[in-house]
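Have a look at the structure below, then the notes.
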Amino acid sequence: MARLTKAQREWRPGMPKKRRSTKVMFASTVLLLEAFVVFFATLAVFGLRRAEISPALILTVGIGLSVVLILACAVLSKPWGVGLGWVLQLVLILTGFAEPMMFLVGALFALAWWYGIRAGIRIDRESSQREREQAEWDAAHAAAGNEAAGNEVAGTEGAGTEGTGTQGNGQTP
């Protein structure tokens, strides 16, 4: 039997699902795309520069950086996770010393990282504001909603029962 996660162990019926951060989702997407690009760039540098740079060094650094980019996705929700992401953006730009085209690729990914973080924070802020406003509205209109729901249920008790002498509104003819 599979081990349950903490969220699965703590779940109870009727418990609202915790909303995922859009910032973390955007940042994870950028890091995963970078991991693929670094892996393929490693293969390109291995093919083009193995006479100049040790092949073991090329593969170790390239594959290691790809793994670190993937593992960084797991810590993005921590306070220092975004800072680690910025450090990895700098490392990606610095890979341009091994392959000059990576200066451009790294700068473009750093721009995508900045935009993903910025847009994710804005979307998360707007979503939490919308949730607060919805909760306030629900609290203010709960009594009216429960009263209206009670009247609706009482008015439809006999609906759909043919041959019982009742009409659709629950009253006898």
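Using this note's numbering, read the sequence shown as starting at 613 and increasing by one per residue. Using N, Cα and C, we set each Cβ at its ideal position, and we do this for glycine too.
May I ask you to report which of helix, strand or coil DSSP gives residue i?
i      : result
Ala754 : helix
Gly775 : Residue placement at Gly775 is flagged as unreliable, the pLDDT there being 49, under the threshold of 50; the coordinate-derived value follows with that caveat. It is coil, neither helix nor strand.
Ser633 : coil
Gly711 : At residue 711 the sequence reads Glu, which differs from the Gly that was named. Glu711 falls in the coil class under three-state DSSP.
Gln732 : The residue you asked about is not Gln; residue 732 is Gly in the sequence shown. Note: Gly732 maps to helix in three-state DSSP.
Thr617 : coil
Trp623 : coil
For the candidate residues the options, whose alpha-carbon lies nearest to that of residue i?
i      : options                        : result
Thr672 : Leu716, Thr654, Ile735         : Thr654
Val687 : Ile705, Thr707, Ala639         : Ala639
Ser689 : Trp623, Ile729, Arg662, Lys618 : Ile729
Ile665 : Lys630, Phe709, Val636         : Phe709
Determine, using beta carbons only, whether residue i comes closer than 7 Å to chain D.
i      : result
Gly732 : Checking the listed chains, one finds no chain D in this structure; it contains a single protein chain.
Can you name, in chain order, every residue of its own chain whose Cβ lies under 6 Å from the Cβ of residue i, other than the five neighbours on each side?
i      : result
Thr634 : Gly732, Ile735, Asp736
Arg621 : none
Give me, in chain order, the residues of the same chain whose beta-carbon lies closer than 8 Å to that of residue i; leave out the 5 immediate sequence neighbours on both sides.
i      : result
Val680 : Leu700
Ala684 : Leu643, Gly693, Leu696, Gly697, Leu700
Phe658 : Pro667, Ile670, Leu671, Gly674
Glu743 : Arg631
CB-CB under 7 Å to residue i, same chain, minus the five flanking residues each way: which ones, in chain order?
i      : result
His753 : none
Glu646 : Leu681, Leu704, Phe721
Hey, would you say the C-beta of residue i is under 6 Å away from at least one heavy atom of the ligand ADP?
i      : result
Ile682 : The ligand ADP is not part of the structure shown, which contains no ligands of any sort.
Between the region 719-735 and the region 696-707, can you find at least three pairs of beta-carbon atoms closer than 8 Å? Contact holds: three or more Cβ-Cβ distances are below 8 Å.
Three Cβ pairs or more, each shorter than 8 Å: is that satisfied between the region 661-679 and the region 712-722? no
Residue ranges of each alpha helix (DSSP H) run of no fewer than 4 residues wholly in the region 660-728, ordered along the chain? 667-684, 693-706
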